[in-house]
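Beneath this line is the structure, given in structure tokens, with notes to follow.
Numbering (this note's numbering), first residue to last: 164 to 1155.
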């Protein structure tokens, strides 16, 4: 890093200025004398900031050195906190008192807008985002004028062609902070005056102006008009007018207040692509000739299309295929004709491989693409030759060649369209096999030979090939770089024997100097504490300057999510063996806001009021969400988030179909909502664990009941490895169950008794989980696995009204199929087990009053079960997709056609995920599962199955999903009424 001009000026000033008030004192009078004190003065006040003191090289008690003064000034400037640094010295009792005068840079804490910010079309938030996107949340004060020009450009886009934006900086002290104030005077807004349209019939003029949103008196917005013209041209090209052009010109009048527009339209001819000659598959035409997709018909695109057609046909065995194109005008439109001449088709009769005496055919065949009976392709033959030669090279046959020859078999006629059999002969010339003899190292002083040999993938007796030797050389050089030997070089000589059968590579190492970290300078952090940044750095002062440690530090800083940019650079100074590290961060906005809207489609059983029966109904509910978060709390990597979601469902879910139909008065009214507040503190109490505190308020709809819940939880989570983590959690919640669809006035069975006794229940529980997650994407994985085990304990001794123990196990795998990496197999298995602790409850009648026994005392029942909100349910878009929400269950878990849940659950899923076109994909799935009353009742033969398929549309936030499931065996919901065959699910995200 070059010494900044300001640093050089400061040093020169120190050399020439009067020192300690002595007008003609010589610098030599101070050099070599003992330093008695070092003072840092910041805007007139003395400071002992550790971040500043650590970079001071002129230490008390040591002789004064000009080099140390120079290094100190360089370090202080490198911090990026000061506009000016000056050094002064005085003599006191024969010793030197050093004084560094620091003029601070005042970082911008916030950006304010003043002036006429309420003018029509002026969006303060948009202007602020433009400044932050360009300059960050804390723009340098030296670029305030550029920020003002950027705001002026934004005003011009809104029709204010002559704005005035004046920057002002309000400086604050202790700490040094600044507020950038941008005062806006937009001036008059330019409006559209006269509009002249050229090249369009009068009848179409109004349509064009409506598409471009042009009208006299409307604001003149250049960028918006340009965007609308681009959309208009794109629309015309979609309709076959690939050469359409729209050219606007503007003339300003009345001092820039009026913009008179002239719009020239060149529609161009209507174009159509046709195919002549031999047939071309219809489903391939749009891809081979992407005129419609590209919205263009320029000559380069057409030439590329001809080449694509020819390559496609050659891949089908038509070696002589040609597909020239031509333009012609007919009936007022331009035709682009591709004339297909396929010629004869060549097919592989057989592939003959010879000369492979050292490598068996079984090792070669998996890499070959040509197969007997398939169309012959020169490209596939070239790929096979390359595969064979590469295999031989990796086995040590550096000179191996695999030339091929073609034997075209005679045919009965020479007419076009006849299939020509081809015999492909590949004759391998193996040459000499080279093996590794010995491996030697020279020049390694700092690293023992055993360390150098680790991970080299070279071993005596193994095959030799150049790429592996080069990789070994690079690995050794990387090891040295990670130990601080940045200038180390490694040369390697293979040392072949005379006959080429043996190689004795020698690695010659020139280590060079080892470089250590002197200081670590952190700049750019406004809200983030230095300790938060230092904790992520994998390198400390005094450590070797290793490349891997620097890269990992930068990765960890970026992973915090607190910064827009991070950069770690080296600063050179006097010593060749030390470097300073400059850690530069640019903070991201601390507040994040998001929201969304949409709808939810849910299939669930409901009661028909007219008959009292049960039917399955597909319901739609509008949904909205809002989220606000604040990160970087108190200068640490703490965050607080509030997430809310809200949806409206049918007012009377148990009404008949006619009752539930929406009327003019509105059929929606039951609110389903969730409010979740989260506070997260990584590395709580300076440990390796993360603390998460949550608060929940929600009301949800299930198939058999509705419930509302209030809860709070504390979680401690720790990553053991990158993929394995453990968590411990305490949660207390109060749940109220209402709108129960089944009859609770049944004294048979613990479930109904406990639901009747505790319609509102307090649960206090501890839980722990272990998670192993190697998925490449948590939302839409294509590879990896996920496994988790969770255990939960609720007990009356810790404040719970009901005690139980509950466990849940999940195992998932995601793997691309070997024959096509684009098709992914996804598998999922889930097992849930639970049991309640015994407790006594009074038997209640239909009115909720205790039932008295013959002795006049309430009858006490002993129950041992879980409340409804904690039991297992199955059926729906994430479990077994042939069933409605919660509608799957075995005997004892269904009552009156409605699920009441069970204490055990088994779910199995298998799915093939296939891309179709662009963002659209398809799936085929098989699901099986069931809910059982108790763990002892689990019966794999009683699992219910479903098959089906679905569509996935990838969006920026994850896949949108439509699934249709078919039951493999239908049963009666209630006597005389069978289940429906299908279930439709529309939701967001993958099923698992």
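Even glycine gets a Cβ: it sits at the ideal position worked out from N, Cα and C.
The alpha helix (DSSP H) enclosing residue i, as first and last residue numbers
{"i": "residue 1177", "result": "There is no way to answer for residue 1177, as the model of the chain reaches only from 164 to 1155."}
{"i": "residue 781", "result": "Taken as a continuous stretch (DSSP letters only), residue 781 belongs to no alpha helix (DSSP H), being part of the beta strand (DSSP E) at 777-796."}
{"i": "residue 721", "result": "710-722"}
{"i": "residue 401", "result": "385-401"}
{"i": "residue 477", "result": "462-478"}
{"i": "residue 213", "result": "213-216"}
{"i": "residue 612", "result": "612-616"}
{"i": "residue 695", "result": "693-699"}
{"i": "residue 368", "result": "365-375"}
Rounded separation between residue i and residue j - CA only
{"i": "residue 725", "j": "residue 754", "result": "11 Å"}
{"i": "residue 480", "j": "residue 1127", "result": "40 Å"}
{"i": "residue 644", "j": "residue 619", "result": "16 Å"}
{"i": "residue 207", "j": "residue 265", "result": "9 Å"}
{"i": "residue 921", "j": "residue 341", "result": "59 Å"}
{"i": "residue 1143", "j": "residue 1135", "result": "9 Å"}
{"i": "residue 918", "j": "residue 1026", "result": "11 Å"}
{"i": "residue 803", "j": "residue 859", "result": "14 Å"}
{"i": "residue 448", "j": "residue 507", "result": "21 Å"}
{"i": "residue 820", "j": "residue 453", "result": "With a pLDDT of 37 at residue 820, under the threshold of 50, the modelled position of this residue cannot be trusted, and the question is left open."}
{"i": "residue 681", "j": "residue 941", "result": "41 Å"}
{"i": "residue 791", "j": "residue 839", "result": "11 Å"}
{"i": "residue 1078", "j": "residue 450", "result": "16 Å"}
{"i": "residue 1105", "j": "residue 1152", "result": "29 Å"}
{"i": "residue 440", "j": "residue 360", "result": "44 Å"}
{"i": "residue 487", "j": "residue 469", "result": "6 Å"}
Beta-bridge pairing of residue i - partner residues as DSSP gives them
{"i": "residue 329", "result": "346"}
{"i": "residue 162", "result": "Not covered by the structure: residue 162. The range shown for the chain is 164 to 1155."}
{"i": "residue 731", "result": "746"}
{"i": "residue 245", "result": "267"}
{"i": "residue 1116", "result": "1083 and 1123"}
{"i": "residue 761", "result": "786"}
{"i": "residue 281", "result": "DSSP output for residue 281 lists no bridge partner at all."}
{"i": "residue 683", "result": "744"}
{"i": "residue 834", "result": "811"}
{"i": "residue 1158", "result": "What is shown of the chain runs 164 to 1155, which leaves residue 1158 out entirely."}
{"i": "residue 997", "result": "969"}
N-terminal and C-terminal residue of the beta strand (DSSP E) that residue i is part of
{"i": "residue 1149", "result": "1145-1151"}
{"i": "residue 323", "result": "Residue 323 -> no beta strand (DSSP E), and no H or E assigned at all."}
{"i": "residue 955", "result": "947-957"}
{"i": "residue 892", "result": "887-901"}
{"i": "residue 509", "result": "508-517"}
{"i": "residue 415", "result": "408-416"}
Exposure label - residue i; buried when at least 16 CB within 10 Å
{"i": "residue 1028", "result": "buried"}
{"i": "residue 1131", "result": "exposed"}
{"i": "residue 1093", "result": "buried"}
{"i": "residue 601", "result": "exposed"}
{"i": "residue 1067", "result": "buried"}
{"i": "residue 884", "result": "exposed"}
{"i": "residue 218", "result": "buried"}
{"i": "residue 484", "result": "buried"}
{"i": "residue 211", "result": "exposed"}
{"i": "residue 477", "result": "buried"}
{"i": "residue 800", "result": "buried"}
Spatial neighbours of residue i in its chain, beta-carbon cut-off 7 Å, leaving aside the 5 residues before and after
{"i": "residue 569", "result": "585 and 587"}
{"i": "residue 128", "result": "Residue 128 falls outside the range modelled here, since the chain spans only 164 to 1155, and no answer is possible."}
Chain-order list of residues whose beta-carbon lies under 6 Å from that of residue i (same chain, five-residue window excluded)
{"i": "residue 589", "result": "516, 565 and 567"}
{"i": "residue 300", "result": "750 and 752"}
{"i": "residue 903", "result": "868"}
{"i": "residue 209", "result": "202"}
{"i": "residue 657", "result": "666 and 668"}
Own chain, CB closer than 8 Å to residue i, minus 5 neighbours either side, in chain order
{"i": "residue 548", "result": "565, 566, 567 and 589"}
{"i": "residue 786", "result": "760, 761, 762, 763, 808, 809 and 810"}
{"i": "residue 1138", "result": "none"}
{"i": "residue 709", "result": "644, 645, 646, 647 and 702"}
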